[in-house]
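Peer 1: Handing you this structure, nothing more for now.
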Amino acid sequence: MNYLRMENLALAGKRLMIREALNVPVSGGHVTSDARIRAALPTIHLALEKGAAVLLLSHLGRPVEGEIDVQFSLRPVATRLEELLGREVRFEADWLGGVAIEAGELVLCENVRFNRGEKSNDAALARTMADLCDVFVMDAFGTAHRAQASTEGIVRAASLACAGPLLSRELDTLEKSLHDPVRPMLAIVGGSKVSTKLKVLDVLLDKVDELIVGGGIANTFIAASGYDVGRSLYEPDLLHDAQRLIQKAHAKGGSIPIPKDVVVAKSFSPDAEPLVRDVIEVAQDEMILDIGPLTAVEYSRAIAGSGTVIWNGPVGVFEFRHFAAGTRAVAEAIDRSSAFSIAGGGDTLAAIDQFAVKEGISYISTGGGAFLEFVEGKSLPAVVALQDVAGD
Ligand code: AMP
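Residue 11 is where the sequence shown starts when you use the numbering used here, and the numbers rise one by one after that.
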């Protein structure tokens, strides 16, 4: 992909505006998980080392545009950023009219989503933001799939726009591993619904040597294979699509395995009693909430034998202690394996944290929706804009 990279630009004395995705969870005015802030630190360090005056932009949550709502303020992020950097981070609540800033200074601007026109990619808003800087740096992979004023519009409006190191590393890694993977390549796609991941399943089937589905998605495939899933979460409307995908896998000489054994419960609750069942023995009043131990071993073996593993979504209700073992087994098998592994998606990141397997995963994507759209082969509007302005 051809776009300008921040690493290659001389930035001394320039006003740099960097779009990050610092949309971290905040509770009681404090940041409760700072992973996204930490991910942006190398970019911030590099910008300051290069002698730029740095304005940081981000969104947080989904506030109503035009309304200042303190629960979506980035002020707690500024505080956490100060702690992590050990230096002053000036917070600017009111910045669209202009910000006085010197080289070597760092300013965090209030939530871009407080501005009217952000979501609709208003050209005037994008121009106003672009006029505040000499160079715009798009570094937020997690929002690159949205054409908004602070992601796509501003790239086109800025006098110079480039990709930041976090974004370009993410794009390089995903591109390399999807287009030129070490084989065999395995994808594990879990989560609640087939409907949200139908396209990605379809595309992955074309690319991978093996596809494992998990969670509520697997339940739909179990039902599509003719087994009773009792009261499990599944999508009757998508049985036909699941059957089509199973046939597509067969036509390629592969399969989409369904779990041999599952963990079921009579209610969806953390205290529900877990029972291991053969998948063909699920009763009418039971719901499948995890894969069983035999299946966990089988999937772990598949992971161990792979050259590349893409992981998105849990294979069970990992938030409930009794139904976390399957997702733990998958996470730990990826952790142990020597495969090049990529994990992405909100719940996947939560599972990685929960099972402390971060170190063993080759690349953890910061984007949820953007990660899936990239895997689907869709172009990401902010990246297309970066390519356009670079004359690609
Ligand atoms: P998603 O947001 O689509 O990635 O789905 C993630 C959610 O799916 C997690 O909160 C899991 O608890 C949930 N999940 C995984 N397996 C199941 C299952 N068998 N039944 C219901 N929910 C599940």
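Just so it is clear, CB atoms sit at the ideal spot from N, CA and C, and this is done for glycine as well.
Quick one: is residue 346 buried, meaning 16 or more other Cβ sit within 10 Å of its Cβ, or exposed?
Peer 2: Locating residue 346 in the sequence shown gives position 336, where the first residue counts as 1. So residue 346 counts as exposed.
Peer 1: Inspect the beta-carbon positions of residue 349 and residue 196 and report whether they are closer than 9 Å.
Peer 2: Taking the first residue of the sequence shown as position 1, residue 349 is located at position 339. Taking the first residue of the sequence shown as position 1, residue 196 is located at position 186. At a Cβ-Cβ threshold of 9 Å, residue 349 and residue 196 count as neighbours.
Peer 1: Is DSSP giving residue 78 helix, strand or coil here?
Peer 2: Residue mapping note: residue 78 aligns to position 68 of the sequence shown, counting from 1. Residue 78 falls in the coil class under three-state DSSP.
Peer 1: Using DSSP's beta-bridge definition, name the partner residues of residue 145.
Peer 2: Taking the first residue of the sequence shown as position 1, residue 145 is located at position 135. Answer by DSSP bridge pairing, in chain order: 26.
Peer 1: Specify, as a first and last residue, the run of the alpha helix (DSSP H) that residue 171 falls within.
Peer 2: If you number the sequence shown from 1, residue 171 lands on position 161. Where residue 171 is concerned, there is no enclosing alpha helix (DSSP H), although the beta strand (DSSP E) it sits in stretches over 171-173.
Peer 1: Taking only three categories from DSSP, how would you classify residue 102?
Peer 2: For the purposes of this step, residue 102 is taken as the residue at position 92 of the sequence shown. DSSP places residue 102 in strand when its eight states are reduced to three.
Peer 1: DSSP three-state label for residue 40, please.
Peer 2: Within the sequence shown, the letter at position 30 stands for residue 40. Note: residue 40 maps to strand in three-state DSSP.
Peer 1: Looking only at its chain, what residues have a beta carbon closer than 7 Å to the beta carbon of residue 361, apart from the 5 residues adjacent to it on each side?
Peer 2: On the sequence shown, position 351 is the one that residue 361 refers to. Within the same chain, residue 361 has close Cβ partners 324, 328, 337, 341.
Peer 1: Would the beta-carbon of residue 8 be found less than 8 Å away from any heavy atom of ligand 1?
Peer 2: As displayed, the chain neither begins before 11 nor continues past 402, which places residue 8 out of reach and without an answer.
Peer 1: The alpha helix (DSSP H) that contains residue 327, what's its start and end?
Peer 2: For the purposes of this step, residue 327 is taken as the residue at position 317 of the sequence shown. Careful: residue 327 lies outside any alpha helix (DSSP H) and carries neither H nor E.
Peer 1: Going by CA-CA distance only, name the one from 277, 300, 305 that's closest to residue 294.
Peer 2: Your numbering for residue 294 matches position 284 in the sequence shown. That would be 277, whose Cα lies nearest to the Cα of residue 294.
Peer 1: Less than 9 Å between the C-beta atoms of residue 140 and residue 110, yes or no?
Peer 2: Sequence index remark: in the sequence shown, residue 140 carries index 130 (1-based). Sequence index remark: in the sequence shown, residue 110 carries index 100 (1-based). No.
Peer 1: Under 8 Å: does the beta carbon of residue 300 sit that close to some heavy atom of ligand 1?
Peer 2: Start at 1 with the first residue of the sequence shown, and residue 300 comes out as number 290. Residue 300 Cβ: within cutoff of ligand 1.
Peer 1: Quick check on the DSSP output: what are the complete beta strand (DSSP E) runs of length 3 or more inside the region 221-300, in order along the chain?
Peer 2: The DSSP assignment places complete beta strand (DSSP E) segments of no fewer than 3 residues inside the region 221-300 at 271-275, 285-288, in order along the chain.
Peer 1: Where do the ends of the alpha helix (DSSP H) carrying residue 353 lie?
Peer 2: As a position in the sequence shown, residue 353 is number 343, starting the count at 1. Run containing residue 353: none in the alpha helix (DSSP H); it sits in the beta strand (DSSP E), 350-353.
Peer 1: Note down the Cα distance separating residue 406 from residue 62, rounded to an integer number of angstroms.
Peer 2: Look at the range of the chain in this structure, 11 to 402, and you will see that residue 406 is not part of it.
Peer 1: So the alpha helix (DSSP H) residue 111 belongs to, where does it begin and stop?
Peer 2: Here residue 111 corresponds to residue number 101 of the sequence shown, with the count starting at 1. Segment: none, residue 111 is in no alpha helix (DSSP H) and carries neither H nor E.
Peer 1: Would residue 286 and residue 303 be called neighbours here (beta carbons separated by less than 9 Å)?
Peer 2: The residue you call residue 286 lines up with position 276 of the sequence shown. The residue you call residue 303 lines up with position 293 of the sequence shown. Result yes, Cβ atoms of residue 286 and residue 303 sit closer than 9 Å.
Peer 1: Just to confirm the assignment, what range does the alpha helix (DSSP H) spanning residue 393 have?
Peer 2: For the purposes of this step, residue 393 is taken as residue 383 along the sequence shown, with counting starting at 1. Counting along the chain, the alpha helix (DSSP H) containing residue 393 begins and ends at 391-399.
Peer 1: So, with DSSP's three-state summary, where would you put residue 309?
Peer 2: Residue numbering aside, residue 309 sits at position 299 when the sequence shown is read from its first letter. The answer is helix: DSSP assigns residue 309 an H, G or I state.
Peer 1: Measuring alpha carbon to alpha carbon, tell me which residue in 215, 356, 119, 248 is nearest residue 229.
Peer 2: The residue given as residue 229 occupies position 219 in the sequence shown. Minimum Cα distance to residue 229 is reached at 248.
Peer 1: Mapping the DSSP letters down to three states, classify residue 139 as helix, strand or coil.
Peer 2: The residue labelled residue 139 in the question sits at position 129 within the sequence shown. Reduced to three states, the DSSP call for residue 139 is helix.
Peer 1: Do residue 243 and residue 226 have their CB atoms nearer than 9 Å?
Peer 2: Along the sequence shown, read from residue 1 onward, the residue named residue 243 stands at position 233. Along the sequence shown, read from residue 1 onward, the residue named residue 226 stands at position 216. Yes.
Peer 1: Run through DSSP, which three-state label would residue 183 get?
Peer 2: Here the question's residue 183 lines up with position 173 in the sequence shown. The answer is helix: DSSP assigns residue 183 an H, G or I state.
Peer 1: Which runs of the alpha helix (DSSP H) spanning at least 4 residues fall entirely within the region 362-394, listed in chain order?
Peer 2: 379-386
Peer 1: What do you get for residue 12, buried or exposed, if any count of 16 or more other CB atoms within 10 angstroms of its CB means buried?
Peer 2: Against the sequence shown, residue 12 aligns to sequence position 2. It is exposed - the Cβ of residue 12 has fewer than 16 other Cβ atoms within 10 Å.
Peer 1: Looking only at DSSP bridge pairs, what is residue 195 linked to?
Peer 2: Here residue 195 corresponds to residue number 185 of the sequence shown, with the count starting at 1. Looking at the DSSP assignment, residue 195 forms a beta bridge with 318.
Peer 1: Beta strand (DSSP E) containing residue 70: first to last residue?
Peer 2: Numbered from 1 along the sequence shown, position 60 holds the residue referred to as residue 70. Here residue 70 belongs to no beta strand (DSSP E), and DSSP marks it neither H nor E.
Peer 1: Report yes if the C-beta distance between residue 14 and residue 171 is below 9 Å; otherwise report no.
Peer 2: As a first step, residue 14 must be located in the sequence shown, where it is residue number 4. As a first step, residue 171 must be located in the sequence shown, where it is residue number 161. It is a contact, given that the beta carbons lie within the stated cut-off.
Peer 1: Going by DSSP in three states, residue 97 sits in which element: helix, strand or coil?
Peer 2: Reading the sequence shown from its first residue, position 87 is the one you call residue 97. DSSP places residue 97 in coil when its eight states are reduced to three.
Peer 1: Which residue wins for smallest C-alpha separation from residue 116, given the options 124, 108, 100, 207?
Peer 2: Locating residue 116 in the sequence shown gives position 106, where the first residue counts as 1. With distances taken between Cα atoms, residue 116 lies closest to 100.
Peer 1: Can you tell me whether residue 383 is buried or exposed, with buried defined as 16 or more other CB within 10 angstroms of its CB?
Peer 2: Sequence index remark: in the sequence shown, residue 383 carries index 373 (1-based). By the 10 Å Cβ count, residue 383 comes out buried.
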